[in-house]
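Novice: Starting off with a structure, shown below.
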Amino acid sequence: MQPRLTFLLEPAFHVVNAGHVAHLCGISKRTLVRRLAELGTTLKQELDQLRQQQAQDMLTVGATGIAQIGEKLGYPDPTVFTRAFKRWTGTTPREFREAIQRDSTQR
């Protein structure tokens, strides 16, 4: 499901609902929910996973600020983004970035 949903991270899609996603995928909302359930997931879980991966990628490469990364992923408040990132990874975005930088300098 992920390759089809990556477009949802674009700024125009920061407010996502199952009905809109289903329409964009050419299926009914019920079919979308059922297919995701068959895969053992939900739309929220898929979006969280996409946002987590995108956040980690952006923190690993480039010098984009944490607030800007959060905003790009649909979190206008950096505190909300930091809380979500910590829920996903157990660490803050700053700690994650610092660990990546430490690892790269030790090589």
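Residue numbers (the working numbering): 1 to 107.
Each residue gets a CB set at the ideal place from its N, CA and C atoms; glycine is no exception.
Taking three-plus beta-carbon pairs below 8 Å as touching, is the region 45–57 in contact with the region 87–97?
Specialist: The answer is yes - the region 87–97 touches the region 45–57, with three or more Cβ pairs under 8 Å.
Novice: Just how far apart, CA to CA, sit residue 16 and residue 76?
Specialist: Indexing the sequence shown from 1 puts residue 16 at position 16. Indexing the sequence shown from 1 puts residue 76 at position 76. Residue 16 and residue 76: Cα-Cα distance of roughly 15 Å.
Novice: Can you tell me the Cα-Cα spacing of residue 79 and residue 51, whole angstroms?
Specialist: Here residue 79 is taken as the residue at index 79 of the sequence shown, counted from 1. Here residue 51 is taken as the residue at index 51 of the sequence shown, counted from 1. Each residue's alpha carbon lies about 15 Å from the other.
Novice: Can you tell me the Cβ-Cβ gap for residue 18 and residue 39, rounded? I've got them flagged as a contact below 8 Å.
Specialist: Looking up residue 18 in the sequence shown gives position 18. Looking up residue 39 in the sequence shown gives position 39. About 14 Å; that fails the 8 Å criterion.
Novice: Please state the DSSP three-state secondary structure of residue 103.
Specialist: Counted from its first residue, the sequence shown places residue 103 at position 103. In the structure shown, residue 103 sits in a helix (DSSP, three-state: H, G or I).
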